[in-house]
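This report refers to the structure that appears directly beneath it.
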Amino acid sequence: MIYWDLFWSFTIANLLGYGGGPATIPLIQNEVVNNYDWMTMSEFGDLLAIANALPGPIATKLAGFIGYEIGGVLGSIVALAGTILPSAVAVVILFKFVDLFKDSPEVKLMTKSVQPIIAVLLAVMAYQFFLTAFENSGIIHLLLLTVLSFLTLSKWKIHPSLVIVGALFYGGVFLS
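In case it helps, numbering that gives the first Met the number 0 puts the sequence shown at residues 0 to 175.
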């Protein structure tokens, strides 16, 4: 039954995650943390930080790791299948209709109307991560990491993956 749960949770998250990786992250988080209790919010946040530092699509990295943690190699394969199959099937089926509806005002409106929903989902997830970080590391570390991350990303234009690796290193040294 665990393999069906893995497949279904990642299928649902990726079916409803219109807009790619960032849109699927809150949906995966809801399934993994809230629905099935496979991970805590803190563990998911750590996994998300590591997955963001690695190259490739975020949804497949999350599915591969979570699937492996829950069900071993077979769990990883099942979770990856749940991540990849919805998009693959949709592309094959909908490819015939792309030329017919690509300039449709309804399709353009639908695409524009989904963007605020994705922004709210990401904001809620960021707020939950903030609360978890505050509980686990305290206000001093949280403020220091926030200010340093902001400066390195906006003022000094350092690549986000290097900021993530730096934060991971800081956490490993000072918060372990």
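The beta-carbon is built from N, C-alpha and C at its ideal position, and this holds for glycine as well. On a predicted model such as this, the values are computed, not experimentally measured, just so you know.
How would you label residue i, buried or exposed, when you count the other beta carbons within 10 angstroms and need 16 or more for buried?
| i | result |
| --- | --- |
| residue 102 | exposed |
| residue 159 | exposed |
| residue 12 | buried |
| residue 149 | exposed |
| residue 137 | exposed |
Is it true that the CB of residue j sits closer than 7 Å to the CB of residue i?
| i | j | result |
| --- | --- | --- |
| residue 163 | residue 51 | yes |
| residue 6 | residue 77 | yes |
| residue 26 | residue 85 | no |
| residue 2 | residue 70 | yes |
| residue 58 | residue 23 | yes |
| residue 35 | residue 113 | no |
| residue 168 | residue 44 | no |
Among the options, which one has its Cα closest to the Cα of residue i?
| i | options | result |
| --- | --- | --- |
| residue 110 | 19, 0, 70 and 4 | 19 |
| residue 133 | 31, 41, 7 and 23 | 41 |
| residue 131 | 118, 16, 39 and 77 | 39 |
| residue 145 | 60, 75 and 170 | 170 |
| residue 21 | 46, 117, 80 and 173 | 117 |
| residue 140 | 175, 121, 16 and 74 | 175 |
| residue 9 | 48, 74, 53 and 44 | 74 |
| residue 49 | 172, 166 and 138 | 166 |
| residue 4 | 17, 79 and 46 | 79 |
| residue 31 | 65, 99, 0 and 45 | 65 |
Which residues bound the alpha helix (DSSP H) around residue i?
| i | result |
| --- | --- |
| residue 44 | 40 to 52 |
| residue 158 | Element bounds for residue 158: n/a, residue is neither H nor E. |
| residue 129 | 104 to 149 |
| residue 13 | 1 to 15 |
| residue 19 | No alpha helix (DSSP H) holds residue 19; DSSP gives it neither H nor E. |
| residue 182 | Within the shown structure, residues of the chain are numbered from 0 to 175, placing residue 182 beyond reach of any answer. |
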